[in-house]
Each structure stands twice: as structure tokens, then as C-alpha cells.
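*Asks:* There's a structure below that I have some questions on.
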Amino acid sequence: MFANDYITENVYDEMFSSEGYPRNSYSALKSKMESLGGSELVKRSSSAEKALISLGITFTLYGEKETTERIMPFDVIPRIVPSDEWIRLENGLKQRIQALNLFLSDIYGPKKIIKDKLIPEEILYSSSGYLKQCEGIKPHNNIWIHITGTDLVRDGLGSFHVLEDNLRCPSGVSYVLENREVMKRTFPELFDKLQIKPVYDYPFHLRSMLENLSDEENPVIAVWTPGVFNSAYYEHSFLAQKMGVYLVEGSDLVVDNYKVYMKTTKGLKKIDVIYRRIDDTFMDPESFRPDSLLGVKGIFEAFKRGNVALANAPGTGVADDKVLYSFVPEIIKYYLGEEAIIPNVPTYLCSREKDLKYVLDNIHNLVVKAANGAGGYGMIIGPKASKQEQEEFKLLVQEDPRNYIAQPVLNLSTVPTLIQDKIEARHVDLRPFILYGKDIYVMPGGLTRVALRKGSLVVNSSQGGGSKDTWVLSS
Amino acid sequence: MLSRVAESVFWLNRYIERAENYSRFIDVNHQLALDISEDFSNQWMPLVYTTGDAELFSKKYEHPTSSNVIQFMTFDEENPSSIYSCLRAARENARTIRENISTLMWESLNGFFLYVKEAKERFTIERDLTRQGLSVQLSEFLGEVRKNAQSFYGCSDSTISHDEVWNFSILGRVLERADKTTRILDMKYFILLPSPQDVGSTLDLLQWLSLLKSASAHEMYNRIYKKVHPVEIAEFLILNPYFPRSIVFCLQELENSLESVSGTKEGLPRNPAQEAASSYLVKLKTESIQSIFDKGLHEYLDDIQIELNQIGMKISERFFQN
Chain D
0 MFANDYITEN VYDEMFSSEG YPRNSYSALK SKMESLGGSE LVKRSSSAEK
50 ALISLGITFT LYGEKETTER IMPFDVIPRI VPSDEWIRLE NGLKQRIQAL
100 NLFLSDIYGP KKIIKDKLIP EEILYSSSGY LKQCEGIKPH NNIWIHITGT
150 DLVRDGLGSF HVLEDNLRCP SGVSYVLENR EVMKRTFPEL FDKLQIKPVY
200 DYPFHLRSML ENLSDEENPV IAVWTPGVFN SAYYEHSFLA QKMGVYLVEG
250 SDLVVDNYKV YMKTTKGLKK IDVIYRRIDD TFMDPESFRP DSLLGVKGIF
300 EAFKRGNVAL ANAPGTGVAD DKVLYSFVPE IIKYYLGEEA IIPNVPTYLC
350 SREKDLKYVL DNIHNLVVKA ANGAGGYGMI IGPKASKQEQ EEFKLLVQED
400 PRNYIAQPVL NLSTVPTLIQ DKIEARHVDL RPFILYGKDI YVMPGGLTRV
450 ALRKGSLVVN SSQGGGSKDT WVLSS
Chain Y
0 MLSRVAESVF WLNRYIERAE NYSRFIDVNH QLALDISEDF SNQWMPLVYT
50 TGDAELFSKK YEHPTSSNVI QFMTFDEENP SSIYSCLRAA RENARTIREN
100 ISTLMWESLN GFFLYVKEAK ERFTIERDLT RQGLSVQLSE FLGEVRKNAQ
150 SFYGCSDSTI SHDEVWNFSI LGRVLERADK TTRILDMKYF ILLPSPQDVG
200 STLDLLQWLS LLKSASAHEM YNRIYKKVHP VEIAEFLILN PYFPRSIVFC
250 LQELENSLES VSGTKEGLPR NPAQEAASSY LVKLKTESIQ SIFDKGLHEY
300 LDDIQIELNQ IGMKISERFF QN
């Protein structure tokens, strides 16, 4: 069943140790797979896929000629995280979110961290995620980042690192919930046997977190989507439905007397809390991009006056900047007096002369990324790029060093993955979702994204990535 | 509820109902063509007149052959009312209001769309191969369309609360249905008899009977009337207050749902959409079938369509645009 060349060197496999023995947490899964056999596994895989198609769980791809709707490729072999490892990750994520939130309160407020010269002023102000309009704002309970989807990866030795913080509008949680539903139908026997932590209650946690953003007794809550043409539209409507709240588009909203209303069949109705899935600068053509057709005039001012809560608060993107990312371990130490529990990936800042020289000389061994890029765009993976691509990218870096960082190529961990009728090793990352309300809630597990192309390290769904269910064991 | 959502729910249901009725239209003609084998070839254009799409059809197709008309009404992507286009639009609307309908409804609609899409691909290939039109498996396909539409309605009626979303569904459904019932009745106006002497002939009655069948009305009709008679068929499909596809029945439903979404109590000021629906219903109820035939059935059906259009416009003004 397993491909002959399954075990590879220099990579941490989630199922097998380097000696080729299955890890404890995977033994039940492995024997189940073996007792089912390859053809039954293929059968279950295709019925899982049918279930996803009939549920209409799709994302939209924009081609040159026509838009197509696809299901996110789904692999039936789950990724398992043992409980002790999970507890450490959970603590590490809580620590990180808390520190980043304090950082945002600080930089849009007293700016102590700048005055103490921990972070150079010019790095903060040159970040495209920094919104000067947010200076002096105090969001409800001083919480800025209500929803986070942190990207975690293992290095070749198996230790987890934070790759990206994703503090703006992280997506993918709907896949986690739907994947789990499909997996319960696909491997009911394993759910019986293993103690897998449930994820179904995420929407309840999300809803109660949003309710707490308003002092109203029964706040009116809405998810704000850019619309049906957005690639994550399915998720927006999914979350609205699971929470039992409104799903609105910009054209449904209107601001009057600094309050936000939606247009209903019975006239205007005030909204108290908005979970917005639209980028900061598109929200309000009055305060930000005047060319935004998706936005609502005056909504930022309504937010500033405390008449509507926005989750996440505008301005959080600055903490997503890949240059500022490199300072997060110091940020944690500065605000919490603690060492980071989950380390960063070592990062070279091209704005530093020494680093820049190193990056230019060693681009063939590095991943170089634009500071504000996302979704696998604006980056180069040195070892996989041609000489010419490397040279072209070097020019880009030299033109605007502030905007680039570099990291060693991490040999992401691998998980057994069903490729046709054989099981092969494919690289994965992990995106847990964290909610910051009265307390911090970390969804057990998260989205495991898998690079389905052999040897590929790019897990993004727009570039040949798929997903897997993530099982966190409770003991 | 959001105005945008109300509008999408309304249209979603109109499209489903339209797809279902198109399958009924095609079925009447198809059945007739099978019953009367000789010289039915020139009887496909009336179908296009009935649905009001003659202009678009003539732009796209040279001859109103069975193959062309069926293709136009089932799978033609450029005909916004073809069964395929309706399902695509219904699903698009459902996607924009996914959070307001139940999973069962969504799965039912999604499955319906995928079925029609798959049939479209299959039939298009066969059509190219044989140039025979779609007649071989046509009845089965049309039957499936009706079944799927009914199954969607079943999910809708039994899995979502009968509050605003549901009431706007009903508005869309019955408004479209009433319009299409007038058009089914009107088909007899366009389908010509070989000669005036044939009025009342077997052929004439056969045509009336298939029309009745296409509204799934023959069984209920037979419980009230003894034999197939044009005047009684028209009476049944226009004035019967109990048959769910009759005009009067649809208007009653329309009135009920409008009252629900308007939230007006009896005696309180009513909105223009309610006014229009109620006063037209009152007017219809005072008609007898004889008075309708005196005015001319075809002309009378035209008037009903105009009234229904106006009610539709008033619903839109009152609830969707603000």
C-alpha cells in the first residue's frame, strides 16, 4: 500500500520515525488502513469526495476565460497531533496572540516599544499594513485581533515553528469543520477508538466572542463578505449560517449618524457587531481607498466612535508584515517578559546590509518573500527556481530591500497521502484558529494543508494544495 | 430580513418554477408529437410563441424544428429561460443566500443543477452525433426535472421555518406558476387545428387532454368533471380555488404570503402589492367561465399575465428596493 520510496531522509514524517517505525499516535490509524487495504481506501476516498461535491464546498478560481468552482482537494488520511505536543502549541499560540495584541495597542497608542528603540521607527511606518487612521483608537476591551489563523510548520528535525501570523482575515476554518464531518462518515470506526478532540463548536465560540464585542443585550451580528465572487465566499456564508447571523455585502449597508444599518424588507436595522471578511483598506472609501466599490462610506468613523465593533479591528495587518514578524520573539519578551514558546523561522531582513548581501549570495538556498505578500505569491523558493528566475528575483529585492525577507528552506514535515492507489509522502503545514474574546480559545487542530505535487513545498490551495483533517488526541 | 436576500429567495423560486413549467411545456408538445405522428413538424413554433421567446429564438435558429426548439428550451445557455439557464441562475441565487436556507434545500438544489448540467453535456454530445433531437430520453429527462423541482419544494416546506424566507419563496413560486398556467392554457390558442371543422374532433380533445396533463391536472379534473371539455378545463385551471396550479389558488397563496411578510393586520393600511393582489383576486372570483369566454380566452389570459406582472413589480418596489 505504501509506495516503495515512502521513507525519505532529512525530513520529519508525521507517521513514521526515521527508523521506519510508526509513531504511537498513528498506530491505530496505520493498522486500520492496512486492514482496509488499498482498494477500500480508494473507495472511501471517492465517496468522501462525492460528499464534498454534493455539499457544494467549493472555492472559486478566476481564469482568463471563465470562473470555475472547485472543491478543495481533500485527502482522507488524517494528520494526527499527540496531546502533549498540542498542549505546548496551544500555550505557545496563546502567548503569541496576547503579545501581538499588546503590541497593536501600543503602536496605535503610546508607542513605548518604539520609544524604547526595540523596533526601528522606519520599519513600523513603512509597513503597508500600518494605518495611521487607527492611531488613538481603543477597540472594545482593547482587543484588536479577535480571529487568527497562525501558520505552523515543522523543520527537518520535527520541531514546530511559526511561519506566518495571519492576523487580517484568515480563511480555511470552514474546511476544518466540513472535513471533519466527512471524515466521521469515512472512518467511523476510528472515531470510536481514538479520543479525537471535537471541532464542531467553533462557530459557537466565534459567536459568543462576537457577542461580547457589544454592550447590547442582544447585539445584531453580521458577517461582511465582499460577495459571491470572492474565493472564500463559501466560508463566509457557512460561518454566518452556523452562527445564525446575517451575511451582508457592502451594498446592504448604510451609515447614518455614525451608526451602521442594513437594508431589510422592514426598513433599516442597526448592526452592532461585524465580522468583516474584507480587507482593511477596502472597508471604507471615505477613510481609505476611494476606489473601493465594496466598501461602505463612513463605517470607519462609526467604528472609531464605538458605535459598531469590527472583528478584526482595522490596522492589524501591520503585525502580519514579514519584517515585523522577525521581531515577534522580542515583542513577546518585551510585553510578557517570557521567552517565545514556539520559535520563529530564522529570518534575514534585506533592509539590513549584512543580511542583504547574504541573501543575494545564497538565494539558491533560501526562500525569499515580499513582506506584504500572501497566498504563495511574491515569493521564490531558491532551490526550486532556475538560475534566471533567481537573478530576476535578486533585482526585485535590490530595488526595494525593505520589502523583502529571506528564510532557510524548511523541509516541511510529511504525512502519508493517498495518490491514486498508492500512499506517498507529501509535505504539510498546519493552521490552527485562535479566538480572542473574554479568554483565548484555540481550536484543537486546525487546517492541515498538503502540497499534493510530489516534492512540492507550496501548500496554498491556489497552487495545487489540498487539505486533510487534523486530529488532536485528548490523551 | 435583508432586502437582497428576500429578492434572491424570490427569484430562486421563480427560476425553479420556471424550469419545471418549461419541462411541462415541452412535454405537452412531445406527447402530442408521439400521439399524432403525421405532420406534427410545424407544431413546434407555437411552443416558442407561448413562452414569449419567439424573438430570441428566431435570432438564433433558422427553423423551428423539434430539435431546435427543444434544444432552445432545455439546454441553450443563451436563452435565459431554458431549463439549464434557470437552474444555473437558481443555484447562483441560492449561493448568495446559502446561510438562509437549510442544508437539505441546498443539497437538493445543487443535486438538481448537477443533474441538469450532466444531462446537458450528455445530450449535447448525442445531439451532435445523431442530429435527431432529444426525443429518445426526453420524457425521462423532463420527468426528472419535475421530480427534482417537487423535491426541492418538499425540502423547502419541511426544513425551514415558515417565516419571511419561506413566504418570499412562496411569492416567487406562485407568481411564476400562475403566469405559466395561463401560458399552458394559451398553448391551445397557438396550436392550430388542420381545419375549422376539427373543433370538437378527437384531435381537438386530445390536444386539450395533453394540456391538462401537462399541468398535472387531469386526475383532479376528472374528479369534478365527467368528460374532457375545453370550457371546463379552462374553468378548472383558472377559477378552481383548490387546485394548486390554478390561477385563483395561486393568487390566494400570494395574498396570504404577502400578508405575512407585510405584517399588516386586518383593517390596517396595506401596501400597494397587497392591494393589487387582493383586488385582483376579488375581481377574478366574480368571473364565471362563460364571461371569460365571452371576452375571448386568449385575450383574457393576456390580461391575467399583465396583472401578475404588475403585482410582481409592486412586490419588488415595496420589499426589494430601498
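So the protein sequences, as listed, match chains D and Y. According to numbering that gives the first Met the number 0, the residues represented by the first sequence are 0 to 474, in order. According to numbering that gives the first Met the number 0, the residues represented by the second sequence are 0 to 321, in order. Even glycine gets a Cβ: it sits at the ideal position worked out from N, Cα and C.
1) Among the residues of its own chain, which have a CB less than 8 Å from the CB of T413/D, if the five just before and after it don't count?
2) Counting pairs of Cβ atoms below 8 Å between the segment 169-181 of chain D and the segment 325-334 of chain D, do you hit three or more?
3) Run through chain Y and tell me which residues come within less than 7 Å of L246/D, C-beta to C-beta.
4) What residue range does the alpha helix (DSSP H) around T73/Y cover?
5) Closest to A89/Y by C-alpha separation, out of Q70/Y, L307/Y, V115/Y, N67/Y, would be which residue?
6) Quick check on the burial criterion: 16 or more other C-beta atoms within 10 angstroms. Buried or exposed for T123/Y?
7) Given that F318/Y touches chain D, what residues does it touch there, using C-beta distances under 7 Å?
8) Distance cutoff 8 Å, beta carbons only. Does M182/D sit that close to anything in chain Y?
9) With a Cβ-Cβ cutoff of 8 Å, do V27/Y and M186/Y count as a contact?
10) Counting only beta-carbon atoms, is V260/Y nearer than 8 Å to chain D?
11) Please name the residue in P79/Y, S65/Y, N78/Y, S150/Y whose C-alpha comes closest to that of W105/Y.
12) Rounded to whole angstroms, what's the CA-CA distance from L497/D to H297/Y? Just pull it up for me.
13) Are at least three pairs of beta-carbons, each pair with one atom in the segment 95-106 of chain D and one in the segment 204-222 of chain D, less than 8 Å apart?
14) Could you give the residue range of the alpha helix (DSSP H) that holds D185/Y?
15) By the 7 Å beta-carbon criterion, what residues does the segment 105-122 of chain Y contribute toward chain D?
16) Rounded to whole angstroms, how far is the Cβ of G444/D from the Cβ of W470/D, which I believe are closer than 8 Å?
17) Answer with yes or no whether the minimum CB distance from A239/D to chain Y is below 8 Å.
18) Can you tell me the Cα-Cα spacing of R269/Y and E19/Y, whole angstroms?
19) Mind reading off the beta-carbon distance from R167/D to D278/D? Whole number of angstroms is fine, and I expect it under 8 Å.
20) Helix, strand or coil for L109/Y, going by three-state DSSP, please let me know.
21) With a 10 Å radius around its C-beta and 16 neighbouring C-beta atoms as the bar for buried, classify H62/Y as buried or exposed.
22) May I have the straight-line CA-CA distance separating Y5/D from L212/D, to the nearest angstrom?
23) So, are the CB atoms of T49/Y and S80/Y less than 8 Å apart?
24) Would you say V144/Y and I183/Y are within 8 Å of each other, going by their C-beta atoms?
25) Measuring alpha carbon to alpha carbon, tell me which residue in D214/D, L176/D, E216/D, E188/D is nearest P197/D.
26) Note down the Cα distance separating Y233/D from T224/D, rounded to an integer number of angstroms.
27) Could you name each continuous beta strand (DSSP E) segment of 3 residues or more that falls completely within the segment 245-323 of chain D, going from the start of the chain to the end?
28) What are the partner residues of F1/D, as DSSP defines its beta bridges?
29) Over what stretch of residues does the alpha helix (DSSP H) that includes W85/D continue unbroken?
30) In the DSSP output, what is L1/Y paired with across the bridge?
31) Could you check whether the Cβ of L204/Y sits closer than 7 Å to any heavy atom belonging to the ligand FMN?
32) In three-state DSSP terms, what is T49/Y?
33) In chain Y, which residues lie less than 9 Å from L54/D when you measure between Cβ atoms?
34) In or out: T285/Y buried (at least 16 other Cβ within 10 Å) or exposed?
35) Using three-state DSSP, classify V408/D as helix, strand or coil.
36) Give me the chain D residues within the contact set of T95/Y, using Cβ-Cβ distance strictly less than 9 Å, ordered along the chain.
*Replies:* Inspection of the coordinates gives the following:
1) T7, V10, Y11, D12, E13, A424, R425, H426, V427
2) no
3) E98
4) 65-73
5) V115/Y
6) exposed
7) T264
8) no
9) yes
10) yes
11) S150/Y
12) What is shown of chain D runs 0 to 474, which leaves residue 497/D out entirely.
13) no
14) 163-189
15) W105, E106, N109, G110
16) 7 Å
17) yes
18) 32 Å
19) 7 Å
20) As written in the sequence, residue 109/Y is Asn, which differs from the Leu given in the question. Correct three-state label for N109/Y: helix.
21) exposed
22) 49 Å
23) no
24) no
25) L176/D
26) 10 Å
27) 245-247, 252-255, 258-263, 266-269, 272-275, 308-310
28) I422/D
29) 82-106
30) T263/D
31) Here there are no bound small molecules, and the ligand FMN is not part of this structure.
32) helix
33) T102, W105, E106, N109
34) exposed
35) coil
36) G226, V227, Y232, S236, L246, E248
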